[in-house]
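All remarks here apply to the structure that follows.
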Amino acid sequence: MVTLCESQRHDHHDVYAAQCPCRDVLDLLANKWSALAIGAMEEGPQRFGALQKRLEGVSPKVLTATLRRLQQRGFVERTVYPAVPLHVEYELTDLGRSVAGPLAQLRGWVEDHIDEIG
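Residue numbers (my numbering): 6 to 123.
See the structure below:
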């Protein structure tokens, strides 16, 4: 039985295998800014400024990089509307909406148990 993830398309995924591409996705989704941005976009399309305001403490550089990574992996869609100034919105794709629920559960669990965590 092969447990290594040697290609992007295969029959067996093993996130514990060092070379498994699943690890990159886990790294992206486990990032606090990714989890928070996905949660903020559950409410619908968001402009960059609204996301930055909602995700208190995130720098524009980090938010830009996070949104870019989420877009590259297919979790977020970026739409540019021709206007002056430019109007850009970020929105969850079907894939992004499918992971929003599990991430919401994780965020809720953290809020419910933060006082028990050392």
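C-beta: ideal position from N, C-alpha, C; glycine also.
Inset, instruction - State the Cα-Cα distance for the pair Leu60 and Tyr21, rounded to the nearest angstrom. - result: Translated into positions along the sequence shown, residue 60 becomes position 55. Translated into positions along the sequence shown, residue 21 becomes position 16. Cα to Cα, the separation comes out at about 31 Å.
Inset, instruction - Please classify Leu60: does DSSP put it in a helix, a strand, or coil? - result: Taking the sequence shown and counting its residues from 1, one reaches residue 60 at position 55. Coil, per DSSP.
Inset, instruction - Leaving aside the five residues before and after Val63 along the sequence, list all residues of the same chain whose C-beta is less than 7 Å from its C-beta, in chain order. - result: In the sequence shown, residue 63 corresponds to position 58, counting from 1. Cβ neighbours of Val63 beyond the five flanking positions: Trp38 and Gln57.
Legend entry - Contact between the region 71–81 and the region 18–33 (3+ Cβ pairs under 8 Å): yes
Inset, instruction - My understanding is that Leu100 touches Met46, with C-beta atoms under 8 Å, so please give their C-beta distance in whole angstroms. - result: Walking along the sequence shown from the start, residue 100 turns up at place 95. Walking along the sequence shown from the start, residue 46 turns up at place 41. Not a contact, Cβ separation roughly 12 Å.
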